[in-house]
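Enquirer: In our numbering, the protein residues as written are 8 to 74.
We put the CB at the ideal spot given by N, CA and C, even for glycine.
Attaching a single structure in structure tokens format; questions to follow.
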């Protein structure tokens, strides 16, 4: 079967082949890595602050008020 015997449009097939040959542009990975790194560092800093912070002492005003 030769190309002229095909029922497909030769120009359309050639255009489709040209479109398929070009590599697709990939999205950059660095914005996602920067965001994930910032989130990880922020969570580690927050956890460290929560562990090292002194305990909260509450004083009820009813207990400290003069009678």
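If I measure Cβ to Cβ from residue 22 and keep anything under 6 Å in the same chain, skipping five residues before and after, which residues do I get?
Expert: Contacts found: none.
Enquirer: Is DSSP giving residue 44 helix, strand or coil here?
Expert: Residue state, collapsed to three classes: helix.
Enquirer: Need the endpoints of the alpha helix (DSSP H) that residue 27 sits in, please.
Expert: Start and end: 17 to 28.
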